[in-house]
Structures are given as structure tokens and as C-alpha cells.
Amino acid sequence: MSKKLYIETLGCAMNERDSEHMIAELREKEDYTLTSSMEEADLILINTCSVREKPVHKLFSELGYFNKVKKDDAKIGVCGCTASHLGEEIIKRAPYVSFVLGARNVSKITEVLHKPKAVETDINYDESLYAFSDFRSSPYKAYINISIGCDKSCTFCIVPKTRGEEISIPTDLILQEAQKAVNSGAKEVFLLGQNVNNYGRRFSGKHPKTNFTELLRKVSEIEGLKRIRFTSPHPFHMDDEFLKEFAANDKICKSMHMPLQSGSTKVLKDMKRGYTKEWFLNRVEKLRSFVPDVGISTDIIVAFPGESEEDFEDTLDVMRKVRFNQIFSFKYSPRPLTEAAEFTNTVDEETASRRLTTLQKLHNDIVDEKNKELLGKTYEVYFEELKEGYFVAGRSDNNTIIKVKGSEELLGEFKKVKITHTGRTIMTGEIVE
Ligand code: SAH
Ligand code: F3S
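The following block contains the structure:
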């Protein structure tokens, strides 16, 4: 009988893909199958995130729980960014953990499985050429890594310390992965990296230079592939060439993640983001001049050390000017190994909470107003997910989530849908053809 794997994935899309890689390796090489029951698992994996402090705190209570409910001989493995960051400290604090596997060491999963108390956390381990076995959690869309690590040094961010320096995956390998995904039925690929539009900056070994714009062009030539999405691009690298390709290439979905972080040029400088408020607004304007209906999402941090009321007003000002479709907003959380953790001019907790609430309220007002304008509009929707009450949901190419009455037969299909009812995060519609 095959062994059972229970896996919990926290954090970003890159972690989702790393989990798929580990599932694939364990399935192919160790005969594991997935289970949703922790109690019957032979191996419990937790793929962690360390971008903010809270999930890291929660990790140890969660591990304690795993230890309590697991089968006697079941193993527990801690993977991902917190594994990279805390390493053997995890086993010191939770001695029942069988192994610790860093975010940059996923390919060693079948090795550490057989090495009691193994700690593999080399943050510059080169996995860019490793051919992982194949597993995808969705048959409709395929995550594909295009780079690993990050070469930026945003002062708030721990990622370069957990995922190491940036290495691009050779173009040929990406194209092969995309082709494989399309052959097995996926019509959408999601290209992943911490800084995707810096693609091609460094390869491991000799590989033909390709930049992100050229990569997009090549991926779009794959027959049968209908949609390309990617995350995360960096506003600093959004040159005109990239924006033009984004606009002109029909297969590229017209939805762009533009992580602003702050609207204040002073704070952006302290964050070492490499752009100003004006550059960001200029890029949005340029993008909208090419693609008026583009969906724009962003990440914002409030209460970064030294953020004054005036700085925060600048963030609100950018929000009012851009009118983002979606925001991911966070209170600044000091992270070890980062420059900003040494900054002393911190913002008090009450102010931080107030700013986050103000920001989120403004965003909700903006999307409620924007979404009302969607009533009666028609979009092409790619259906991917069943929803309660006999609904099926999918996304328009500008990333509006729309559900219609229906069931399995719509999954993996493209349909033109007219919006009949609007909401804050999901619209309801009717298929028109
Ligand atoms: N390269 C990725 C960043 C990954 S971290 C990207 O550009 O999307 C994801 C988001 O978490 C960041 O964009 C930032 O908004 C937030 N974040 C990172 N470090 C943080 C910190 N120390 N405190 C609060 N939020 C943080
Ligand atoms: Fe982090 Fe900045 Fe890279 S947010 S992942 S250091 S682009």
C-alpha cells in the first residue's frame, strides 16, 4: 500500500509550486499519495512563509498540534522560507521534527526523508537545472518557475535571505514545461519568480541571453496555449518595451501586479525600491494608455519605520489616482536579517492599525464604485473552480472573478459572460455564447 502525505502550504505562489514539486518527487520516487487527513499521514509536511512575523510564531504551535495527532511512526518535515531562516533551531525547539528543508533545497526532499534530523538550508543551492517530476494541483492552469531567488535588497524583505541570489531558469526548460502543461490540457500558464521582469539577468552556466519580454514572446508561440499570467513583476523594471509587449501580445492576460509598497518617495527610498512615486504613476499611466481596461493589483506596507502622516497621505494619494482593482495590504513587520530591522524610528501599533484600516476602507470604497461599472459588461471567462450553490467560477483576462450557474462541464472552458450582478470580490453573470 502506498504511503500517505499530508501537506500544508503557506505563503506565495512560489511556495505552491514548491509544494507541487515535492508532491511530485515523493509520488514518483517514494510512492506517496496525498491525503487530507493528518491522522492517517505517514509524512506531514509544512511549507512555511517567513515574510511576516505572525505565521512564524504560529509555526511552533502548529507543529505541536501535528505531533499530538500524528500516527506514532509518522514523520514531520518543515520546508520553505522559515526552514531556510531558522534551520536547526526548529529541531532544537521541536525535537520531534524529522527534517528541515529550505526553500532553495526542494529537490532534496527524497534525500532528507531518509536522513534523521537532516537540515538542508543552503540558500544558494542551484536548483535552476533540476528536472522535477510532474504534478499539478490544477489541470486548467500550470505554475511554471522562471527564476529562483531575488537579487533586490528591499530593506523590509527577508526573501533574499531565504531564497538566495537570483538565478533564471534556462528558456528551453521553461518552454518545455509550458509545452508539457499544454499537452496535458492546461490552457493557461502562470510564470513565477520574485522579480519576473528581471528575467535573464543571470543563468547558471552558459545559456543564450533572453529578457522577460522575449521570454513572453516565445512562450506565447506555444500552440494550444491560450493565456499567460505572471507574478511578480517589479515596477522598477517596467520599461516601455515590456509594457508594449504586454499590450500587444493577445495571449498575455491584461492584468498586472504592480507592488507599490508605499506612495511616498521618501519611504520608497528607505525601502530601497529603486523608483519614485512619480515613476510609479507614470508607469500606470503608460500602461493604461496601451491597455485601458487593464486590471491592476498591488502590495502595500503601512507604518514602515519613519512613515509620517504626510508619507501615508502620499500612499492614499496614489490609491486615489490609480484606483487599484485589488490590494494586498500589510502592517510593516520587522524581519530578522533585514536592514529595516535596525531602523529605530518605528511607528506605534495604534497608528499602524489606524493606517491599515484607513487604507483598506479607501480601497473597498474604490472597488465598490469601480465594480458597479461592470454591470452589463461582457468578458471572456476561463472556468476553473466549482462554487457552492451550483456555480462555476473563472477569471476574465483582466482578472475579474465571475461565476455563473453550471457544473463540471464548464471547467476548462472559455465562455463569453455578461455580468448581471456585481459584488466586491466576485461578480455573477450569464453565458451569452
Ligand atoms: N517579490 C515579491 C515580494 C514577496 S513578499 C513581490 O514583489 O511580490 C510579498 C509581499 O509581502 C511584499 O510585496 C510586501 O508587500 C509584503 N512584505 C514583505 N516583507 C514585509 C514585511 N517585513 N512587513 C510587511 N509586509 C512585508
Ligand atoms: Fe523582496 Fe524586494 Fe525581492 S520585496 S522578494 S527583495 S523584489
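Heads up: the sequence shown begins at 923 in this note's numbering, then just goes up one per residue.
Where a beta carbon is used, it is the ideal one built from N, C-alpha and C, also for glycine.
In the DSSP assignment, S941 falls within the alpha helix (DSSP H) that extends over 935 to 952.
The count of Cβ pairs closer than 8 Å, one atom from the segment 1283 to 1302 and one from the segment 1093 to 1111, stays below three, leaving the stretches out of contact. When C-beta atoms of the segment 1197 to 1210 are compared with those of the segment 1162 to 1179, three or more pairs fall below 8 Å, so the two segments count as touching. In this structure, DSSP gives Q1116 a state outside helix and strand, which the three-state scheme calls coil. In the three-state DSSP reduction, T970 falls in the strand class (E or B). For Y987, the three-state secondary structure derived from DSSP is helix. Between L1137 and L1113, the CB-CB gap stays under 9 Å.
Residue environment analysis places V1354 among the exposed positions, since fewer than 16 neighbouring C-beta atoms fall within 10 angstroms of its C-beta.
Residue state for V1216 is assigned as coil, using DSSP reduced to three classes. For the set H1129, A1170, K1128, L1238, the Cα lying nearest the Cα of L1182 is the one of L1238. Nearest neighbour of F1252 by Cα position, chosen from T1268, V1240, Q1282, V1339, turns out to be Q1282. DSSP, reduced to helix, strand and coil, places K1063 within a strand of the structure shown. Separation of the CB atoms of D1236 and K1199 is rounded to 6 Å, and the pair is thereby assigned contact status at 8 Å. Under the three-state reduction of DSSP, H1179 is assigned to strand.
Residue burial is scored here from C-beta neighbours: Y1304 has at least 16 other C-beta atoms within 10 angstroms and is therefore classed as buried. Residue range 1134 to 1142 is occupied by the alpha helix (DSSP H) that includes S1142.
In the DSSP secondary-structure assignment, M960 is not bridged to any residue. Here the segment 968 to 986 lies against the segment 1008 to 1024, with 3 or more beta-carbon pairs under 8 Å apart. With a beta-carbon spacing of about 10 Å, L1297 and T1350 fall beyond the 8 Å limit used to define contacts. Here DSSP, grouped into helix, strand and coil, assigns M923 to coil. For T1260 against T1004, the beta-carbon gap comes to about 15 Å, at or over 8 Å, which does not count as contact. In this structure, C1001 has its beta carbon at no less than 8 Å from each heavy atom of the ligand F3S.
Leaving aside the five residues that flank E952 on each side, the residues in its chain whose CB is nearer than 8 Å to its CB run, in chain order, K925, T1032, L1035. Chain-ordered, the residues whose CB falls short of 6 Å from any heavy atom of the ligand F3S come out as C1072, K1074, C1076, C1079, V1081, P1082, Q1116, N1117, H1156. Under the criterion of beta carbons closer than 8 Å, E1167 and R1139 qualify as touching, at roughly 7 Å. Ranked by Cα distance from H1007, the first of T1273, V1028, L981, K1083 is K1083. Of the candidates G1127, I1012, A1053, I1012 places its Cα closest to the Cα of L981.
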